[in-house]
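*Asks:* The following block contains the structure, expressed as structure tokens.
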Amino acid sequence: MIMACKAIDCLTNPSFLELGSREIHTWASFSASEKYIAGFAHDVAWTERTQTLRLYMKLYEGGDLRKVITECRHQELPIHPFMATYWAMEIARGLKACHDHGIIHRDLKPANVLLDVPYVYNRMLWGITDGRVLRGDVKTHGKAFLDWFKSPSRLPWCHISDFGFGKFTPAALFSEYYTKGSRGSVGTMGYMAPEVLGEVSARYGATPGVINDVVKNDPKFYGKSDVYSFGCLVYNLCTGRPPPPAATEWSTRILEIPDTYPELFREVISKCVDFNPENRPNNRDLSNGMADAFIEIQNCGLLSDLARVLQDLDSDPGSDSTYINITDLRPEATNLEPTTNMGDPPECQKKLDSALRRALAAGNCDMMALAIELGANVNASAFESSVQDSWFASESTPNVEFPPFRPGVFGAYKNILITSRQYRRVFPLLTAAVFNGQSECVELLISEGASLDHAENKIDALSVTACLGNIRMIDRLVLRWGFDINAKSVNPNYAWREDIPIVSASMVGRREAVRRLLELGASVVIPSDDEGKYPLHTIFGVDWSVFAHLASLDDIEVCARMIYDAAPQVIRFRDGKGRTPLHLAVGRADTVGPRFVKFLIDRGANPYTRDVNRCDAYHVTSIARGHGSMVVADVYPEVKKSLDGYDCMITDRALYWNIPVGRGKSVQAQY
Numbered sequence: 001m002i003m004a005c006k007a008i009d010c011l012t013n014p015s016f017l018e019l020g021s022r023e024i025h026t027w028a029s030f031s032a033s034e035k036y037i038a039g040f041a042h043d044v045a046w047t048e049r050t051q052t053l054r055l056y057m058k059l060y061e062g063g064d065l066r067k068v069i070t071e072c073r074h075q076e077l078p079i080h081p082f083m084a085t086y087w088a089m090e091i092a093r094g095l096k097a098c099h100d101h102g103i104i105h106r107d108l109k110p111a112n113v114l115l116d117v118p119y120v121y122n123r124m125l126w127g128i129t130d131g132r133v134l135r136g137d138v139k140t141h142g143k144a145f146l147d148w149f150k151s152p153s154r155l156p157w158c159h160i161s162d163f164g165f166g167k168f169t170p171a172a173l174f175s176e177y178y179t180k181g182s183r184g185s186v187g188t189m190g191y192m193a194p195e196v197l198g199e200v201s202a203r204y205g206a207t208p209g210v211i212n213d214v215v216k217n218d219p220k221f222y223g224k225s226d227v228y229s230f231g232c233l234v235y236n237l238c239t240g241r242p243p244p245p246a247a248t249e250w251s252t253r254i255l256e257i258p259d260t261y262p263e264l265f266r267e268v269i270s271k272c273v274d275f276n277p278e279n280r281p282n283n284r285d286l287s288n289g290m291a292d293a294f295i296e297i298q299n300c301g302l303l304s305d306l307a308r309v310l311q312d313l314d315s316d317p318g319s320d321s322t323y324i325n326i327t328d329l330r331p332e333a334t335n336l337e338p339t340t341n342m343g344d345p346p347e348c349q350k351k352l353d354s355a356l357r358r359a360l361a362a363g364n365c366d367m368m369a370l371a372i373e374l375g376a377n378v379n380a381s382a383f384e385s386s387v388q389d390s391w392f393a394s395e396s397t398p399n400v401e402f403p404p405f406r407p408g409v410f411g412a413y414k415n416i417l418i419t420s421r422q423y424r425r426v427f428p429l430l431t432a433a434v435f436n437g438q439s440e441c442v443e444l445l446i447s448e449g450a451s452l453d454h455a456e457n458k459i460d461a462l463s464v465t466a467c468l469g470n471i472r473m474i475d476r477l478v479l480r481w482g483f484d485i486n487a488k489s490v491n492p493n494y495a496w497r498e499d500i501p502i503v504s505a506s507m508v509g510r511r512e513a514v515r516r517l518l519e520l521g522a523s524v525v526i527p528s529d530d531e532g533k534y535p536l537h538t539i540f541g542v543d544w545s546v547f548a549h550l551a552s553l554d555d556i557e558v559c560a561r562m563i564y565d566a567a568p569q570v571i572r573f574r575d576g577k578g579r580t581p582l583h584l585a586v587g588r589a590d591t592v593g594p595r596f597v598k599f600l601i602d603r604g605a606n607p608y609t610r611d612v613n614r615c616d617a618y619h620v621t622s623i624a625r626g627h628g629s630m631v632v633a634d635v636y637p638e639v640k641k642s643l644d645g646y647d648c649m650i651t652d653r654a655l656y657w658n659i660p661v662g663r664g665k666s667v668q669a670q671y
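Here full-length UniProt numbering is used: the first residue of the sequence shown is 1, the next is one more, and so on.
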């Protein structure tokens with residue numbers, strides 16, 4: 001029999017010897033009949049020279065539950081609710097066995113639950129649930145899964161292990177009794193009950209889950225502390241997301257176990273993580289509740305659908321089809337009435353699009369290809385509308401929680417999404433792939449027909465790439481896929497306006513991107529927006545009091561210098577209102593000072609050029625908070641001094657060439 005060895009290094013931390021001894025003592029107390037507890041071989045070895053304690057136990061080939069949760073998250077497929085509910089039932093039974101022996105585990109978490117066999121059925125189970133399953137998956141795993149489930153002597157899958165923190169404290173199984181051995185704070189953050197952390201409520205609300213005035217007390221633990229840990233474990237199992245690090249956060253976080261789980265299941269888990277231990281179920285009620293939930297989830301039709309698929313395979317073993325359409329095998333399929341609803345996409349399409357989003361968020365091209373092959377829309381938005389609505393409706397955006405397995409890149413897009421949603425902009429999957437720098441995903445989407453066309457309401461892939469400064473992706477989009485380097489599209493950081501890519505890069509100081517765009521032929525002498533502004537107008541017209549966090553002004557100035565060097569005449573260009581870049585630089589000098597004014601004056605910008613309202617740079621006004629409209633050059637002497645530098649420069653040139661020239665308006669008349 002192959003055994004697993006747990007080696008405990010006690011040399012660096014002698015307290016580990018006590019933990020190891022405690023684990024031996026705890027494990028030895030279980031009889032072999034406790035099938036939901038990991039099997040201990042009652043074999044121990046101690047190496048004096050290395051101070052190493054070795055415990056031998058049965059080898060569980062499925063690894064631990066944490067590994068399975070992590071793998072499923074990386075595959076962007078949550079653990080199927082059928083299996084998650086079944087495992088929760090087994091873990092609840094194992095926890096009851098611990099408590100029946102007077103043992104409190106104190107560190108119940110996914111890493112301490114071992115699986116007897118590997119979990120290889122997830123994609124098959126989801127395929128059956130979604131109505132279209134890979135024929136190869138069913139051939140490989142279908143019969144084995146049904147045989148396991150229908151076996152009258154079905155062996156348990158989950159086994160609780162690692163009793164290093166376990167305590168023999170029978171009295172502490174009841175909240176009114178606390179012994180010396182039931183005090184102290186041990187466990188894993190996120191899975192520790194509030195009373196274990198010494199957190200108690202000064203007064204509990206009448207409604208379960210409501211807490212008031214959290215105060216600190218001596219850390220204590222008892223049986224219902226394990227029940228809290230169980231709830232956190234199952235939350236992680238069902239959502240793929242870790243529980244909050246502090247128990248108090250449950251009060252502000254909606255428990256997001258999907259509605260694909262039975263209502264009874266969600267209710268029991270909600271009670272498990274209640275701040276008040278008295279509102280949590282005891283081990284018997286917990287075990288019974290999980291068993292009832294599993295009975296309920298068996299009504300989902302999964303097993304009957306799998307049986308039909310296997311029957312179809314037996315009747316047509318030589319079929320060349322890749323997928324089996326399960327709806328065609330169901331008896332009710334022939335009675336379906338044709339639908340005339342052409343509104344929202346059907347539920348199946350929504351699921352496929354959601355699967356494609358999840359795969360893209362994980363950068364998993366294989367899963368993306370599978371979703372596309374099943375019919376996912378490559379031109380779908382990167383965000384589900386319900387998620388966008390939740391963000392936009394929230395008064396406290398950073399704290400909004402979303403259903404599990406939404407795109408993992410969601411948090412990175414949140415600022416762009418908020419503004420794009422407000423201005424009804426579309427953020428396509430292709431743009432999301434570019435945003436993440438996922439070249440393979442970009443190629444896959446384009447090869448499968450993702451639109452390269454520009455649209456006035458769409459955040460464009462090239463603008464996003466320029467904004468991020470991804471040189472390699474710029475080259476791919478322009479040189480390989482033929483993106484128009486001078487096409488106007490929504491500016492990723494300013495969703496209310498449209499700009500050309502070089503402006504998107506310049507406004508956030510992406511100097512290398514600006515240099516590369518110029519090398520590839522980006523123009524700086526065509527208007528960059530519908531207001532007739534040229535690149536320098538837009539750059540110097542930014543409200544830096546709002547957007548200064550996006551880039552350093554030094555980088556902005558370098559980008560402006562490259563644009564000027566490419567076409568020096570741009571400093572004289574006028575926008576639709578007759579303004580030169582200098583007008584806009586003066587207008588924003590109240591937030592950034594005179595540096596951009598001086599930059600333009602040093603290169604020959606004329607402060608006496610008037611716009612359509614007969615206003616020159618000396619008379620540009622700005623709105624100051626609390627002070628109303630003001631003439632910038634009158635309020636800020638440094639700005640006026642920079643503007644006066646133009647006259648000095650003209651005088652110096654005249655003296656050099658021995659040309660008589662006046663001052664003030666006479667200079668204006670000459671230019």
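All C-beta atoms in this analysis are idealised placements derived from N, C-alpha and C, irrespective of residue type, glycine included.
1. Less than 8 Å between the beta carbons of C238 and P258, yes or no?
2. Apply the 10 Å Cβ neighbour rule to D137 and answer buried if 16 or more other Cβ atoms are within range, or exposed otherwise.
3. Reducing DSSP to helix, strand and coil, say where D554 ends up.
4. Considering only C-alpha positions, which residue in the set R516, V524, F265 and T621 is nearest to I471?
5. By the 10 Å Cβ neighbour count, where 16 or more other Cβ atoms means buried, how is T580 classified, buried or exposed?
6. Return yes when the Cβ of G231 is within less than 8 Å of the Cβ of V196, no when it is not.
7. The beta strand (DSSP E) spanning C615 covers which residue range?
8. Can you find the residues in the same chain that come closer than 7 Å, C-beta to C-beta, to G437, ignoring five residues on each side of it along the sequence?
9. Buried or exposed, going by whether 16 or more other CB atoms sit within 10 Å of the CB of A7?
10. With 16 other CB atoms within 10 Å as the buried threshold, where does residue 682 fall?
11. On the DSSP bridge assignment, give the partners of H159 in chain order.
12. Would you call the region 152–159 and the region 80–94 touching, i.e. three or more CB-CB distances under 8 Å?
13. What does DSSP give as the partner residues of residue 707 in its beta bridges?
14. May I have the straight-line CA-CA distance separating Y119 from G240, to the nearest angstrom?
15. Under 8 Å, do I571 and R603 count as touching if we go by C-beta distance?
16. Along the chain, where does the alpha helix (DSSP H) that runs through V227 open and close?
17. Since V133 is in the beta strand (DSSP E), which residue starts that stretch and which ends it?
18. S381 bridges to which residues according to DSSP?
19. Which value, in whole angstroms, describes the spacing of the CA atoms of T52 and P244?
20. My guess is that S506 and A560 are in contact by the Cβ rule of under 8 Å, so how many angstroms apart are they, rounded?
21. With 16 as the cutoff for other CB atoms within 10 Å, does C514 come out buried or exposed?
22. Give me the residue from Y191, I485 and V592 with the minimum Cα distance to F221.
23. Among the residues of its own chain, which have a CB less than 7 Å from the CB of T322, if the five just before and after it don't count?
24. Please state if the CB of Y534 and the CB of D499 are separated by a distance shorter than 8 Å.
25. Alpha carbon to alpha carbon, how far is L360 from M368? Give it in angstroms, no decimals.
26. To the nearest angstrom, how far is the alpha carbon of G541 from that of L444?
27. Can you list the alpha helix (DSSP H) stretches of 4 or more residues lying completely in the region 343–367, in chain order?
28. Kindly list the residues whose CB is nearer than 7 Å to the CB of S622, restricted to its own chain and excluding five residues on each side of it in sequence; keep chain order.
29. Ordered along the chain, which non-local residues of its own chain (more than five positions away) have a Cβ less than 7 Å from that of E34?
30. Measuring CB to CB, does V68 end up less than 8 Å from L115?
31. Measure the alpha-carbon distance for Y86 versus N325 and round it to whole angstroms.
32. Which of the three DSSP states is assigned to Q668 in this structure?
33. Over the uninterrupted alpha helix (DSSP H) stretch that includes D602, give me the two end residues.
34. Which word fits T140, buried or exposed, when buried means at least 16 other C-beta atoms lie within 10 angstroms of its C-beta?
35. Taking only the alpha-carbon atoms, compute the straight-line gap between L352 and C365 and give it to the nearest angstrom.
36. Pull up the distance between the alpha-carbon of I79 and that of C72, whole angstroms please.
*Replies:* Taking the structure as given:
1. yes
2. With 16 or more other Cβ atoms within 10 Å, it is buried.
3. helix
4. R516
5. buried
6. no
7. Per DSSP, C615 belongs to no beta strand (DSSP E) and is neither H nor E.
8. N470 and M473.
9. exposed
10. With the chain covering only 1 through 671, there is no way to say anything about residue 682.
11. For H159, which the question treats as bridged, DSSP gives the partners L114.
12. yes
13. As shown, the chain starts at 1 and ends at 671. That puts residue 707 outside it, with no answer to give.
14. 15 Å
15. yes
16. G223 to T239
17. R132 to L134
18. P428
19. 35 Å
20. 7 Å
21. For clarity, residue 514 is Val in the given sequence; the question names Cys instead. Answer is buried; the Cβ neighbour count reaches 16.
22. Y191
23. Only L134 and R135 meet the Cβ criterion.
24. no
25. 6 Å
26. Here the C-alpha atom of G541 lies approximately 39 Å from the C-alpha atom of L444.
27. 347–362
28. G587, D590, M630 and V632
29. A97
30. yes
31. 26 Å
32. Its pLDDT being 32, under 50, Q668 is placed unreliably in this model, and the value from its coordinates should be taken loosely. In the structure shown, Q668 sits in a helix (DSSP, three-state: H, G or I).
33. R595 to D602
34. exposed
35. Roughly 15 Å between the two C-alpha positions.
36. 6 Å
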